[in-house]
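Peer 1: Pasting in a structure now, in structure tokens, and then I'll have a few things to ask.
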Amino acid sequence: MKILLIGYGAMNQRVARLAEEKGHEIVGVIEDSPKDSTPYQQYEHIADAKDADVAIDFSNPNLLFPLLEESFKLPLVIATTGEKEKLVEKLEDLGKNMPVFFSANMSYGIHALTKILEAAVPLLQDFDIELTEAHHNKKVDAPSGTLVKLYDVIEGLREKTTPVYDRHDKSEKRTPDEIGIHAVRGGTIVGEHDVLFAGTDETITISHKAQSKDIFANGAIGAAEQLIHKDKGFYTFDNL
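Letter by letter, the sequence shown follows residues 1 to 240 in UniProt numbering.
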């Protein structure tokens, strides 16, 4: 499989290393600005990488969105977080002409966590829910795209939900519809996501802790390996 990388930060550098270990080839890179240190052919446009079988994106909205407006026809694996609603709308439109895969978190374990939530939330309607995520001190967006995804699952399963991001200015008791959303930044934490169900005299916590960023890179490579054999369409872990 011949791969074009969109972005060449820490994550796509892992993708390159792991993909080559699996026998795949990196045919080029698109970056915000060309760098002499990049060990691959550098392109400005997706369509320029004519030998590529698929593009894997771990970049940012500023780089990705202009590229998606160009004319091309290449399977896409997209892992950029931020501006999710706008991004998904664009990817669904592109899926009318090519296979496109999107996940805010490329870990299959996180996908499994969402499935566990789909079973747990209806069973625990009388429990308060608090969502917490923790990441390294270099991560710039908060809350994480994954935590937003977990909230979306809960929102779809409860009659009413209200996200609460900060309680310092609230001086009233918690209401049943509130979903607390908390972000922690520090050290080199790869990624931790906790869902707390708090009931009367008991709590249940569902957790996922990433021990290496390789899980995200391998998840993207695995998605690409399947996507190149798919017909046009918009894909997630639910239908790949």
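Built from N, CA and C at the ideal position, the CB exists for glycine as well.
A quick note: this is a predicted structure, and the numbers were derived from the prediction, not measured.
(1) Are the stretch 222 to 230 and the stretch 100 to 108 touching by the rule of at least three beta carbon pairs closer than 8 angstroms?
(2) Hey, is the stretch 201 to 212 in contact with the stretch 15 to 33, meaning 3+ C-beta pairs nearer than 8 angstroms?
(3) Take glycine 180 as the anchor and find which of Asp169, Ala47, Thr162 has the nearest alpha-carbon.
(4) Starting from glycine 219, follow the alpha helix (DSSP H) in both directions and report where the run begins and ends.
(5) Within the UniProt domain "Dihydrodipicolinate reductase N-terminal" (1 to 106), note down every full beta strand (DSSP E) run reaching 3 residues or more, in order along the chain.
(6) Would you report the Cα separation of lysine 84 and glutamate 92, rounded to the nearest angstrom?
(7) Which partner residues does arginine 167 have in the DSSP bridge list?
(8) Work out the CA separation of lysine 173 and leucine 67 for me, nearest whole Å.
(9) Please say whether glycine 219 and tyrosine 43 have beta carbons closer to each other than 8 angstroms?
(10) To which residues does DSSP link phenylalanine 197 through a beta bridge?
(11) So, using beta-carbon positions, are residue 241 and isoleucine 56 closer together than 8 angstroms?
(12) To the nearest angstrom, how far is the alpha carbon of threonine 80 from that of glutamine 13?
(13) In terms of DSSP beta bridges, what is isoleucine 181 paired with?
(14) Leaving aside the five residues before and after residue 241 along the sequence, list all residues of the same chain whose C-beta is less than 8 angstroms from its C-beta, in chain order.
(15) Any contact of the stretch 132 to 142 with the stretch 186 to 200, i.e. 3+ C-beta pairs under 8 angstroms?
(16) Taking just the CA atoms, how far does lysine 86 sit from isoleucine 129?
(17) So, under 8 angstroms CB-CB, leucine 150 and valine 195 are touching, yes? Tell me the CB distance rounded to an integer number of Å.
Peer 2: On the basis of the data shown:
(1) The stretch 222 to 230, when compared against the stretch 100 to 108, does touch it at the 8 angstroms Cβ threshold.
(2) In this structure the stretch 201 to 212 does not lie against the stretch 15 to 33, because fewer than three pairs of beta carbons, one per stretch, are closer than 8 angstroms.
(3) By one-based count along the sequence shown, residue 180 stands at place 180. Here the closest residue by C-alpha is Thr162.
(4) In the sequence shown, residue 219 corresponds to position 219, counting from 1. Glycine 219 -> alpha helix (DSSP H) spans 214 to 227.
(5) For the UniProt domain "Dihydrodipicolinate reductase N-terminal" (1 to 106), whole beta strand (DSSP E) runs of length 3 or above, ordered along the chain, are 2 to 6, 25 to 30, 54 to 57, 76 to 78, 99 to 102.
(6) Along the sequence shown, one-based indexing puts residue 84 at 84. Along the sequence shown, one-based indexing puts residue 92 at 92. Here the alpha carbons of glutamate 92 and lysine 84 stand approximately 12 angstroms from one another.
(7) Along the sequence shown, one-based indexing puts residue 167 at 167. In the DSSP assignment, arginine 167 is bridged to no other residue.
(8) The residue labelled residue 67 in the question sits at position 67 within the sequence shown. The residue labelled residue 173 in the question sits at position 173 within the sequence shown. So the alpha carbons of these two residues sit roughly 47 angstroms apart.
(9) Residue mapping note: residue 43 aligns to position 43 of the sequence shown, counting from 1. Residue mapping note: residue 219 aligns to position 219 of the sequence shown, counting from 1. Against a cut-off of 8 angstroms, the Cβ pair of glycine 219 and tyrosine 43 comes out as no contact.
(10) Along the sequence shown, one-based indexing puts residue 197 at 197. Assignment of beta-bridge partners to phenylalanine 197 by DSSP yields Ile129, Ile204.
(11) Only positions 1 to 240 of the chain appear in the structure, and residue 241 is not among them; the question remains open.
(12) Counting from one through the sequence shown, the residue named residue 80 turns up at place 80. Counting from one through the sequence shown, the residue named residue 13 turns up at place 13. If I take the Cα positions, the gap works out to 15 angstroms.
(13) Sequence index remark: in the sequence shown, residue 181 carries index 181 (1-based). Under DSSP, isoleucine 181 shares a beta bridge with Leu131.
(14) Because the chain spans 1 through 240 in this model, residue 241 falls outside it and cannot be assessed.
(15) Segment contact: the stretch 132 to 142 against the stretch 186 to 200, three or more CB-CB distances shorter than 8 angstroms; contact assigned.
(16) Locating residue 129 in the sequence shown gives position 129, where the first residue counts as 1. Locating residue 86 in the sequence shown gives position 86, where the first residue counts as 1. About 27 angstroms.
(17) Here residue 150 refers to the residue found at position 150 of the sequence shown. Here residue 195 refers to the residue found at position 195 of the sequence shown. The C-beta separation of leucine 150 from valine 195 comes to about 6 angstroms, placing the pair in contact by the 8 angstroms criterion.
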